[in-house]
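Enquirer: Handing you a structure now.
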Amino acid sequence: MSALTAFDAALLNAGAGNLNLLKVSSILPPTTDYHEDLYIPPGSLVPIAYGTYTSANKGETISAAVAVGLPEGNTFGVIMECSGTCTKEEITEHIKGMVKEAFEKREILLKEIKVAAVQHNVTCNYGSAFAGAILWY
Amino acid sequence: MSALTAFDAALLNAGAGNLNLLKVSSILPPTTDYHEDLYIPPGSLVPIAYGTYTSANKGETISAAVAVGLPEGNTFGVIMECSGTCTKEEITEHIKGMVKEAFEKREILLKEIKVAAVQHNVTCNYGSAFAGAILWY
Amino acid sequence: MSALTAFDAALLNAGAGNLNLLKVSSILPPTTDYHEDLYIPPGSLVPIAYGTYTSANKGETISAAVAVGLPEGNTFGVIMECSGTCTKEEITEHIKGMVKEAFEKREILLKEIKVAAVQHNVTCNYGSAFAGAILWY
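Protein chains in written order, with UniProt numbering: chain A, 1 to 137; chain B, 1 to 137; chain C, 1 to 137.
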């Protein structure tokens, strides 16, 4: 396994392994709908905000998270991504703070934060954690 | 503040903080118009060429620049991006050289170089410099 | 020459230097046609899967490769990219293994692997190797 095939395996676990991902920065367009299990045909070109961490250190705990901050009213929201050598609980707390900071800076009221976080313990020569939010325009 | 929220703050200062940015390499399509203050709705997906530098070293001077080389005639131009631990003056000189080199390699005549450069002195735990050229197709 | 202008020179050699490249992850959409010399107008925005390596070590041998795994039947395929300080032969072997691993993980039958690999010996202050597969939707 290489760094890229570990990342590929993490993508497959997340349900995004058969898409062509375009990494974007992190704004939630106004009036976006939320779908947890949207079917997107393989090979589609999809914008995605994601956090990922790939490690070659056996035994290491790695995490990745993505958080969507939903606003009050009809304005846009903010998506943050994060990853590192920490636990799922730690990264969840950290990313919530990032979303709050981004809302404060924009002076937008925050209604709700949705977090997707994952933790992985590297058991072979490469491991990868991945969390993403696909934007389907 | 984290590396990503510092980058987010730099994006907001540049007027690109509420867009979904797709980082692209660096060709200016033929017959492109230039707008300094184009309004683009929040959450839009926009291709952008940019340079950015994020530092965790308090007191450090960081810079980012983007330069658009406009060609003679109706052909395409070249966009270069650059960033590092230097001053705005230094990065401006450096990026002009990069544009000239790219034009020479393509044997296209250079009419004008537009440079946007920014310098930041890191005052808290993270700082980020950002300069970009949005391509609105 | 800087790291970016070395990369730019490698892109020009590959025939992708006058396009706006959007780096994507690596799925070959079903029923894709293969064209070795497709003309794409300068400045076009094109998704591309690529491997690249830029080095500032004079005398170093660097390589980059991209491999397209074509499936049996009408399903999607997988594209892998790779780069490093090795020879063209080494990277070609390595990337074939990556494609096989990606197909096994997806339980798709592999019909053929197309590899584009390149080797470069760094002769001046910067050198860059690049191999890519453009996806033209």
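Heads up, the beta-carbon is just placed ideally off N, CA and C, and yes, glycines get one too.
For S83/A and Y126/A, which I take to be in contact (beta-carbon distance under 8 angstroms), what is that distance rounded to the nearest angstrom?
Expert: Actually they are not in contact, since the Cβ atoms of S83/A and Y126/A sit about 15 angstroms apart, beyond 8 angstroms.
Enquirer: Measuring alpha carbon to alpha carbon, tell me which of V68/A, W136/A, G77/A, K111/A ends up nearest A117/A.
Expert: V68/A
Enquirer: With a threshold of 9 angstroms between beta-carbons, can P30/A be considered close to chain C, or not?
Expert: no
Enquirer: Please name the residue, chosen from I79/A, G59/A, T92/A, that lies closest to I134/A on a Cα-to-Cα basis.
Expert: Residue I79/A holds the alpha-carbon nearest to the alpha-carbon of I134/A among I79/A, G59/A, T92/A.
Enquirer: Can you round the beta-carbon distance between A64/B and A3/B to whole angstroms, since I take them to be within the 8 angstroms contact cut?
Expert: At roughly 14 angstroms, the Cβ-Cβ gap does not stay under 8 angstroms, so A64/B and A3/B are not in contact.
Enquirer: Start and end of the beta strand (DSSP E) containing A69/B?
Expert: According to the sequence displayed, residue 69/B carries Gly and not Ala. Element bounds for G69/B: 61–71.
Enquirer: Using three-state DSSP, classify L11/B as helix, strand or coil.
Expert: helix
Enquirer: Roughly how far, in whole angstroms, is the beta-carbon of A129/A from the beta-carbon of I62/A, given that I think they are within contact range, below 8 angstroms?
Expert: 5 angstroms
Enquirer: Give a yes or no on whether 9 angstroms exceeds the smallest Cβ distance from residue 156/C to chain B.
Expert: In the structure displayed, chain C extends from 1 to 137; residue 156/C sits before or after that span and is not available.
Enquirer: Anything in chain C within Cβ reach of P47/B, meaning under 8 angstroms, just list it in chain order.
Expert: N20, L22, L45
Enquirer: Cβ of S26/A less than 9 angstroms from any chain C Cβ?
Expert: So no, S26/A is outside the interface.
Enquirer: Helix, strand or coil for M1/C per DSSP?
Expert: For M1/C, the secondary structure class from DSSP, reduced to helix, strand or coil, is coil.
Enquirer: Below 8 angstroms, how does it come out for the stretch 99–106 of chain B and the stretch 4–14 of chain C: are there three or more Cβ pairs, yes or no?
Expert: In short, these stretches touch, since the Cβ pair count reaches three.
Enquirer: Here's a check: name, in chain order, each residue in its chain whose Cβ is nearer than 6 angstroms to the Cβ of K96/B, leaving out the five neighbours to either side.
Expert: These residues qualify, in order along the chain: I113.
Enquirer: Between the alpha carbons of L45/B and W136/B, how many angstroms are there, rounded?
Expert: The straight-line gap from Cα to Cα measures roughly 9 angstroms.
Enquirer: Can you check whether the CB of I27/A is closer than 9 angstroms to the CB of N20/B?
Expert: yes
Enquirer: Just grab the DSSP bridge partners of F130/C for me.
Expert: T52/C
Enquirer: What is the residue span of the alpha helix (DSSP H) that E36/C lies within?
Expert: It is not in any alpha helix (DSSP H) - E36/C carries neither H nor E in the DSSP assignment.
Enquirer: How many Å lie between A56/A and T123/A at the Cα?
Expert: 9 angstroms
Enquirer: Excluding the 5 residues preceding and the 5 following K58/B in the sequence, name in chain order all residues of the same chain whose CB lies nearer than 6 angstroms to its CB.
Expert: V122
Enquirer: Determine the chain C residues that contact T5/A at a beta-carbon separation under 7 angstroms, and present them in chain order.
Expert: The answer, in chain order, is M98, E101, A102.
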